[in-house]
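Below: one structure, written as structure tokens.
Numbering (my numbering), first residue to last: 21 to 266.
This is the structure:
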């Protein structure tokens, strides 16, 4: 549950003329969870696609298959691994931001608690000294306001502005790339060039062997994996669209 200002300290913040930060660390962590789930789904589908590529070797033996497998290895280890890695980094950044939000809120509560105790003591002293201690009250309010305002400003600018917003940009690019199906397009294009009836295809090689029906079946599975990645991206986008950090 997100940390809120204790009721007994509301009057202190009102006295300072400041507002409690409307950022919810639980929502930030929730978003990090969505990002991690998206990364897990991407990684799972990537592994299934890699298995499909390897299974093709049982029904498709040719130099062109070796080229296809190499292309998949290069593209998947580059693009897909990068997508998963970016998601992991973003999720970690969001978790760090959530922890920093908690720390900042607790620091503000501590300062307000100290001021509340000192303010009550100063008021008692003012009564005892017939108002001579009222100047100390004003100094206490001003000093606490500076400290709390600095903490709130740091929370807004550094934690929310830098950490959270810097995480969103790379994440948007990841989703766009997943939707585009970039990793699968090159491999699918290579498969489209294979002769469907078992005739000689480009780069067949001396050990050429092909089972057209099985190859088409694996090609359809690969297309399904590509659609699955797009589905992961749309599902994540739908979950993320309903997330608010306040």
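Note that CB positions come from ideal geometry on N, CA and C, so glycine has one too.
In the DSSP assignment, residue 28 falls outside any alpha helix (DSSP H), carrying neither H nor E. Straight across, the Cα-Cα distance linking residue 45 with residue 59 is about 21 Å. Only exposed fits residue 254, as fewer than 16 other CB atoms lie within 10 angstroms of its CB. Beta bridge pairing from DSSP links residue 230 with 80. Residue 47 and residue 237 have their C-alpha atoms roughly 43 Å apart.
In this structure the stretch 135-142 does not lie against the stretch 66-80, because fewer than three pairs of beta carbons, one per stretch, are closer than 8 Å.
Within its own chain, the residues whose Cβ lies closer than 8 Å to the Cβ of residue 265, once the five positions on either side in sequence are excluded, are 43, 44, 47, 48, 51, 180 and 184, listed in chain order.
Between residue 176 and residue 78, the C-beta gap is not smaller than 9 Å, which leaves the two residues out of contact. For residue 61, the three-state secondary structure derived from DSSP is helix.
In the three-state scheme derived from DSSP, where H, G and I count as helix and E and B as strand, residue 21 is classed as coil.
The C-beta distance from residue 194 to residue 114 rounds to 14 Å, too long to fall under 8 Å, and the pair is not in contact.
Scanning 109, 251 and 231 for the CA closest to the CA of residue 188 turns up 109.
With a threshold of 16 other beta carbon atoms within 10 Å, residue 21 falls short and is exposed. In the structure shown, the three-state DSSP call for residue 265 is coil. With 16 or more other Cβ atoms from the protein chains shown falling within 10 Å of its own Cβ, residue 249 counts as buried.
Remark: C-beta atoms of residue 81 and residue 230 approach each other more closely than 9 Å. Taking the C-beta atoms as reference points, residue 30 is found no nearer than 9 Å to residue 135. If you ignore the 5 residues before and after residue 122, its C-beta comes within less than 8 Å of the C-beta of 23 and 45, all in its own chain and listed in chain order. With contacts defined by Cβ atoms closer than 9 Å, residue 190 and residue 116 do not form a contacting pair. Between residue 125 and residue 37, the CB-CB gap reaches or exceeds 9 Å. A Cβ-Cβ distance of about 5 Å is found for the pair residue 56 and residue 111, placing them in contact under the 8 Å criterion.
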